[in-house]
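Here is the structure we will look at.
Residue numbers (our numbering): 186 to 485.
Right, here's the structure in full:
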């Protein structure tokens, strides 16, 4: 079964139908399913029926850790990966049926995005030790993430040729290879330039590539590496909340709307194809206004 998984991953790569993130999700989710089948003494994909699938979903839901149940979005991702895999097995391998075909994915609850307040963002950025070379890189990286609302995948893929320092515009390649232009402010420009000129140039050694954010050996930073650095910094500045890379993107959108930015402009800056995706940030700002009102109004 592992061999069929590898053949599927090679097939997706050759067809160029999935990003690296999608391929990683496929491998993780399908490997997990294969391990489950092995624990249930199910030897082939043809032996999987609806009962096996429903029992697997039930087990997935029990893996939620402290939250008590796995998130609907995570369960839905597993099912999506397995549907794609079984479609491949049906079409190219000769597996007869697809037990995932009529299994509905759980509805994805709309959650209010988490974000940092102005003072929290200021404290986070100000706490970075810029006497240290890694700190100079981190300040530049986190500053540009906040300045431009970048996804973590976008920041690690950022190249020198994507930065227009003269006009202070970032050329961002987002989901679905969709390009967008995002301006950045003076401080972000200063931090980025200093890092590139004084740290990145020193770390490159004999390596040659265009990626902006690198480690001390000149290698491209990974998404997990960025997340680790962010969590570590949040601990150092005593932010008693879980800070993650996407929170900076949420914060970018929320702060723009708080200060009167048009919703459609924010949509364009975030690279959302649908306005409804951006509208969730309106609820964030409304909730914040209500909280401030309740705290400040003498009759509230």
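We put the beta carbon where it would ideally sit given N, CA and C, even for glycine.
Residues near residue 353 in its chain [Cβ-Cβ closer than 7 angstroms; skip 5 each side]: Residue mapping note: residue 353 aligns to position 168 of the chain shown, counting from 1. Contacts found: 368, 369, 374.
Cα-Cα separation between residue 189 and residue 275, rounded to whole angstroms: Counting from one through the chain shown, the residue named residue 189 turns up at place 4. Counting from one through the chain shown, the residue named residue 275 turns up at place 90. Those two C-alpha atoms are separated by around 12 angstroms.
Start and end residues, beta strand (DSSP E) containing residue 356: The sequence position of residue 356 within the chain shown is 171, counting from 1. Run containing residue 356: 354–358, per the beta strand (DSSP E) assignment.
Segment contact, 8 angstroms Cβ cut-off, at least three pairs: the stretch 385–399 with the stretch 266–274: no
8 angstroms CB neighbourhood of residue 168 in its chain, flanking five on each side removed: With the chain running from 186 to 485 in the structure shown, residue 168 is simply not present.
In chain order, each alpha helix (DSSP H) run of at least 4 residues that lies wholly inside the stretch 312–365: 318–333, 337–341
Cβ pair residue 321, residue 277 closer than 8 angstroms: As a working note, residue 321 is residue 136 in the chain shown. As a working note, residue 277 is residue 92 in the chain shown. Contact flag unset, no.
Buried/exposed call for residue 483, threshold 16 Cβ in 10 Å: Locating residue 483 in the chain shown gives position 298, counting from the first residue. Its Cβ having fewer than 16 others within 10 Å, residue 483 is exposed.
Residue 324 versus residue 287 - alpha carbon distance: The residue labelled residue 324 in the question sits at position 139 within the chain shown. The residue labelled residue 287 in the question sits at position 102 within the chain shown. Taking the straight line joining both Cα atoms gives about 48 angstroms.
Own chain residues within Cβ distance below 8 angstroms of residue 310, not counting five before or after: Here residue 310 refers to the residue found at position 125 of the chain shown. Excluding its 5 nearest sequence neighbours in each direction, residue 310 has C-beta neighbours in its own chain below 8 angstroms: 324, 327, 328, 331, listed in chain order.
Pair within 8 angstroms by beta-carbon distance, residue 390 and residue 403: Numbered from 1 along the chain shown, position 205 holds the residue referred to as residue 390. Numbered from 1 along the chain shown, position 218 holds the residue referred to as residue 403. Contact: yes.
Continuous alpha helix (DSSP H) stretch holding residue 430: start and end: To locate residue 430, count along the chain shown from 1; it is residue 245. Start and end: 430–443.
Alpha carbon of residue 299 to alpha carbon of residue 428, nearest angstrom: Position 114 of the chain shown, counted from the start, is the residue given in the question as residue 299. Position 243 of the chain shown, counted from the start, is the residue given in the question as residue 428. The alpha-carbon atoms of residue 299 and residue 428 are separated by roughly 9 angstroms.
Three-state class that DSSP yields for residue 271 in the structure shown: Here residue 271 refers to the residue found at position 86 when the chain shown is read from its first residue. Three-state result, residue 271: helix.
Coil, strand or helix - residue 405 by DSSP: Locating residue 405 in the chain shown gives position 220, counting from the first residue. If DSSP states are grouped into helix, strand and coil, residue 405 belongs with the strands.
Proximal residues to residue 337 (C-beta, below 6 angstroms), its chain only, five neighbours per side dropped: By one-based count along the chain shown, residue 337 stands at place 152. 408, 411, 430, listed in sequence order.
Boundaries of the alpha helix (DSSP H) in which residue 244 is found, first to last residue: The count along the chain shown starts at 1 and reaches residue 244 at position 59. Looking at the DSSP string, the run of the alpha helix (DSSP H) that includes residue 244 is 235–246.
Contact belief for residue 424 with residue 318 at Cβ below 8 angstroms, rounded distance in angstroms: To locate residue 424, count along the chain shown from 1; it is residue 239. To locate residue 318, count along the chain shown from 1; it is residue 133. Between residue 318 and residue 424 the Cβ distance is about 24 angstroms, and since that is not below 8 angstroms, they are no contact.
Cβ-Cβ distance between residue 271 and residue 285 below 8 angstroms: Here residue 271 refers to the residue found at position 86 of the chain shown. Here residue 285 refers to the residue found at position 100 of the chain shown. The answer is yes: Cβ separation under 8 angstroms.
Residue 329 beta carbon near the ligand HEM (any heavy atom closer than 7 angstroms): Ligands are entirely absent from the displayed structure, and the ligand HEM is therefore not among its contents.
Residue 228 to residue 222 span [Cα, whole Å]: For the purposes of this step, residue 228 is taken as residue 43 along the chain shown, with counting starting at 1. For the purposes of this step, residue 222 is taken as residue 37 along the chain shown, with counting starting at 1. When rounded, the distance between both Cα atoms is 7 angstroms.
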